[in-house]
Amino acid sequence: MRLLAAAREVFAEHGTGATLHDVARHAGVGVGTAYRRFANKQELLEAVMVQQVDDIEEILRTSLANPDPWQSVVDYLESALEIQVRDRALGQIMAAQERTPAQLDTQRDRLAPLVDALMDRAIEHGVVRPDVTGTDLVFVQIGLVSIAATTRQHGPDSDSPAAELYRRYLTIFLDGLKPKETLSSLPVRALTSDEVHQLLRRTLQDVRR
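If you count the sequence shown from 1, you need to add 787 to reach this note's numbering.
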């Protein structure tokens with residue numbers, strides 16, 4: 788749909804602060820047409836969110852189809868981060884800034900089991916250290932998207948190394964995932980999927996106040 792495609796482009800560039808008027812103008816249609824299709828911006832955002840979660844789920848399933856357990860983890864993080872960094876709205880949405888509790892539940896139900904399966908398989912094959920979990924990937928993505936948002940917004944220009952700085956820290960993280968003869972003990976246990984979910988719910992509540 789033309790309006791939805793335009794919305795994805797506008798929100799990707801400007802984040803969720805863009806208006807329905809911005810989307811209508813980008814789509815080349817009148818504001819009235821936009822409001823006949825979507826009652827308000829939140830309804831349009833919800834439609835965009837569905838597609839974005841579809842994209843992440845497809846990346847996860849494609850990564851899981853790779854028979855190489857280590858490469859599947861690398862593929863997932865590189866591919867997911869590439870679109871999260873490029874799409875400002877997706878980064879905000881995945882960090883629980885623009886979701887309703889019901890949408891957060893749906894995202895958890897669809898994505899968490901796949902992330903867990905990805906990490907469980909890697910651990911079983913001995914290609915990642917045994918004390919990491921799927922929830923660790925969640926926070927790594929949130930952190931790297933935040934780095935990318937900061938460096939791209941405040942960096943000198945798009946050609947500066949700062950624009951791709953998140954990739955440096957992704958490589959450092961991936962190296963830290965690999966099992967070694969001597970591992971530092973992690974000072975805090977990983978959060979469970981339910982604990983992460985509740986934390987993101989509280990984040991959502993704070994944002995909406």
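Cβ coordinates follow ideal geometry from the N, Cα and C atoms, glycine included.
Item: Inter-stretch contact (C-beta, 8 angstroms, three-pair minimum) for the stretch 806-823 and the stretch 844-851; Value: no
Item: Any 3 or more C-beta pairs closer than 8 angstroms across the stretch 864-876 and the stretch 949-958; Value: yes
Item: Residue span of the alpha helix (DSSP H) that contains Leu788, given as start and end; Value: Sequence inspection shows Met at residue 788; the Leu mentioned does not correspond to that position. Element bounds for Met788: n/a, residue is neither H nor E.
Item: Pairwise C-alpha distance: Asp918 and Arg973; Value: According to the sequence shown, residue 973 is Leu rather than Arg. The straight-line gap from Cα to Cα measures roughly 8 angstroms.
Item: Buried versus exposed call for Gln839 [16 or more other C-beta atoms within 10 Å across all chains shown]; Value: buried
Item: Through-space distance from Phe926 to Arg795, alpha-carbon basis; Value: 24 angstroms
Item: Thr928 classed as buried or exposed, judged by whether at least 16 other C-beta atoms fall within 10 angstroms; Value: Reading the sequence as shown, one finds Gln at residue 928 and not Thr. Answer is buried; the Cβ neighbour count reaches 16.
Item: Inter-residue Cα distance where the pair is Val932 and Thr922; Value: 16 angstroms
Item: Neighbour-count burial assignment, Ala821, 16 or more Cβ in a 10 Å radius; Value: buried
Item: 8 angstroms CB neighbourhood of Asn853 in its chain, flanking five on each side removed; Value: Ser859, Asp862
Item: C-beta contact flag for Leu790 and Arg824 at 7 angstroms; Value: yes
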